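Reviewing the structure listed below.
Number of protein chains: 2
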Amino acid sequence: MPYGLSANDIDKLDQSVSHTKLLQKGETLYRQGTSFKSLYAVKSGSVKITSLNQEASEDVIGIYLPGEIIGFDGIATGEYQCTIHAIETSNVCEINLSEVQENIPGVSQQLLKHAGRAINHGRYARSVAKVSARKRIISFLLDLSDRYRHRGYLATEFELYLSRGELGNLLNLSAETISREIHKLEREKLISIVNKRRIQIKQMDQLKEILIAP
Amino acid sequence: MPYGLSANDIDKLDQSVSHTKLLQKGETLYRQGTSFKSLYAVKSGSVKITSLNQEASEDVIGIYLPGEIIGFDGIATGEYQCTIHAIETSNVCEINLSEVQENIPGVSQQLLKHAGRAINHGRYARSVAKVSARKRIISFLLDLSDRYRHRGYLATEFELYLSRGELGNLLNLSAETISREIHKLEREKLISIVNKRRIQIKQMDQLKEILIAP
DNA sequence: CTGTACTCTTGATTTACATCATTTTTTTTG
DNA sequence: CAAAAAAAATGATGTAAATCAAGAGTACAG
Chain D
1 MPYGLSANDI DKLDQSVSHT KLLQKGETLY RQGTSFKSLY AVKSGSVKIT SLNQEASEDV
61 IGIYLPGEII GFDGIATGEY QCTIHAIETS NVCEINLSEV QENIPGVSQQ LLKHAGRAIN
121 HGRYARSVAK VSARKRIISF LLDLSDRYRH RGYLATEFEL YLSRGELGNL LNLSAETISR
181 EIHKLEREKL ISIVNKRRIQ IKQMDQLKEI LIAP
Chain P
1001 MPYGLSANDI DKLDQSVSHT KLLQKGETLY RQGTSFKSLY AVKSGSVKIT SLNQEASEDV
1061 IGIYLPGEII GFDGIATGEY QCTIHAIETS NVCEINLSEV QENIPGVSQQ LLKHAGRAIN
1121 HGRYARSVAK VSARKRIISF LLDLSDRYRH RGYLATEFEL YLSRGELGNL LNLSAETISR
1181 EIHKLEREKL ISIVNKRRIQ IKQMDQLKEI LIAP
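Just so you know, the protein sequences line up as chains D and P, in that order.
Under the working numbering, the final residue of the first sequence carries the number 214; numbering is consecutive throughout.
Under the working numbering, the final residue of the second sequence carries the number 1214; numbering is consecutive throughout.
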């Protein structure tokens, strides 16, 4: 749980590199897609964090309370991945990361970036929970493929390493459903399976289309 | 998605404050509950990240590939919240955070801690997706209550700010299910509702018990 | 105020997936 | 290489929550 900074911590931030902003109910702190500028600590009030899903409707990600820090969603890519609205009159305290970063060695900048990525991936994992079993499995496979590709590995064939049961646990589905859906994908010639645990992506584009289709 | 460090980045880490560890398939890098020691970058192979849920069975959180960094789960509390197993022979590169931290000003240490918390909260949010509508709602209410309490606010009465629809979106439930379940909790005198959007927790202990019950 | 539009509630029906039950296949091991 | 154990496949059945539908309360705009 994202608990808080102590009042003391916030004071320290205040002294260092920040200033305060007043938000009226309904006002926006930052919007998804705009370029990353700062982290913010909520000083008073509450804000709502939302994200446009690909059907272009808003998913509610959560609400943040005083002492909690928002903005990590923008660190990894340099663009905010979410939108922040005040749901009551609120004060936020700006943490200008670029100023902070001047005093941070490169390694820990990288770490913060990674933390930001992990946070975004968590949001993604949650959004996957909203869709059908079929889409969840495809999502998982394409996510893996993408990560392999990004590292210079083969994106179209890879080891699963997980049993049907573990995969089900990961995707909140039963082992039976995983088995059935994977076989269905194979019958449809969208993927093929080698030795139960090895996946070949046969129709990457079609798989992607299934994900964006209603 | 938790993408990777570039090979270059890993080299930099190597030079600074790290050394490499070889893990055979099935070996454990760290266990849930043990005290935080380092972050690790996966250099080769793949590892599985799992977490014991309160029924004491293992939830699979995900797998990590080369270039990705693990261990953020231990930063916030000082205790790892997950367990890492190698699922094939793997090399990991230790990032001794305490050494890195000597060069980091206090503010950014705090930020990293917050990032760690956000990551853990994401895991928690995902685990909530596995339980019944009733438990999901109770979980949400108790999480909010806890966060208010932690900040010195009243833990037993607070504003929801979200509509039934938004709450449903947040918890992956329909607005109708939210309405029904909240009313049921009120009829059972576990909570009471003021003006639709304001919650009073009446039976904190009983609510907690419902969460741990099968 | 008074019409218009959300939000919430409540009931009836449907459905996607879980669960249960077997069988088949694969892996492990003595 | 058998025997035992674990994992996977597959069919039958059950169910929690979604969806559909309709009415009641509440907000708010002209």
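Yeah, the Cβ is synthetic: ideal placement off N, Cα and C, and Gly gets one too.
What you are looking at is a predicted structure, and each value in this text was computed from that prediction instead of being measured.
- Residue pairing of V92 (chain D) in beta bridges, as defined by DSSP: D:K21, D:V42.
- Taken through DSSP and simplified to helix, strand or coil, K184 (chain D) comes out as helix.
- The straight-line gap separating the alpha-carbon atoms of N169 (chain D) and K196 (chain D) is approximately 17 Å.
- At a cut-off of 8 Å, the C-beta of K1196 (chain P) has no neighbouring C-beta in chain D.
- As summarised for the stretch 1106-1170 of chain P, the continuous alpha helix (DSSP H) elements at least 4 residues long and confined to that stretch are 1106-1128, 1133-1150, given in chain order.
- The beta carbon of K1113 (chain P) sits closer than 8 Å to the beta carbons of I1075, A1076 from its chain, once the five residues preceding and following it are set aside; these are given in chain order.
- Sequence-ordered contacts of the stretch 1046-1058 of chain P with chain D read S1046, K1048, E1058 [C-beta pairs closer than 8 Å].
- Here H1183 (chain P) is exposed. Its C-beta has fewer than 16 other C-beta atoms within 10 Å.
- Across the structure, I1061 (chain P) and N1172 (chain P) are spaced so that their CA atoms are roughly 19 Å apart.
- Here I70 (chain D) is bridged, per DSSP, to D:Y40.
- Just so you know, the alpha carbons of L1022 (chain P) and T1089 (chain P) end up roughly 7 Å apart.
- The C-beta of N91 (chain D) comes no closer than 8 Å to any C-beta of chain P.
- Beta-bridge partners assigned by DSSP to D1059 (chain P): P:S1051.
- Under DSSP, no beta-bridge partner is assigned to Y1080 (chain P).
- C-alpha of R136 (chain D) to C-alpha of K202 (chain D): approximately 18 Å in a straight line.
- Between Y30 (chain D) and I69 (chain D), the C-beta gap is not smaller than 8 Å, which leaves the two residues out of contact.
- DSSP, read as helix, strand or coil, puts Q206 (chain D) in helix.
- Within the same chain, and ignoring the five residues on either side of I1193 (chain P) in sequence, the residues whose Cβ sits closer than 6 Å to its Cβ are E1186.
- Between Q1024 (chain P) and I1049 (chain P), the alpha-carbon positions lie close to 15 Å from each other.
- Shown in chain order are the members of the stretch 1124-1140 of chain P whose Cβ falls below 8 Å from a Cβ of chain D: Y1124, A1125, R1126, A1129, K1130.
- Burial state of Q54 (chain D) is exposed, judged by a 10 Å Cβ sphere holding fewer than 16 other Cβ atoms.
- At a cut-off of 8 Å between C-beta atoms, P66 (chain D) counts as an interface residue with respect to chain P.
- Within chain D, no residue has its CB atom less than 7 Å from the CB of I1210 (chain P), the nearest being about 19 Å off.
- Here the C-alpha atom of R123 (chain D) lies approximately 7 Å from the C-alpha atom of G1122 (chain P).
- The Cβ of E1088 (chain P) sits closer than 8 Å to at least one Cβ of chain D.
- Using a Cβ-Cβ cut-off of 8 Å, R151 (chain D) counts as an interface residue toward chain P, since at least one Cβ of chain P sits closer than that to its own.
- In the DSSP assignment, I199 (chain D) is bridged to D:F158, D:I193.
- Going by beta carbons, T28 (chain D) and I95 (chain D) fall outside the 8 Å limit.
- DSSP places T28 (chain D) within a strand segment (E or B) once states are collapsed to three.
- Contacts with chain P (Cβ-Cβ distance below 8 Å) from the stretch 32-45 of chain D involve L39, listed in chain order.
- Shown here for G78 (chain D): same chain residues with a beta carbon closer than 8 Å to its own, the five before and five after excluded, namely S35, F36 in chain order.
- Y1148 (chain P) sits away from L211 (chain D), with the two beta carbons spaced by 8 Å or more.
- Against chain P, the beta carbon of G122 (chain D) has neighbours under 9 Å at A1118, I1119, H1121, G1122, R1123, A1125, R1126, listed in chain order.
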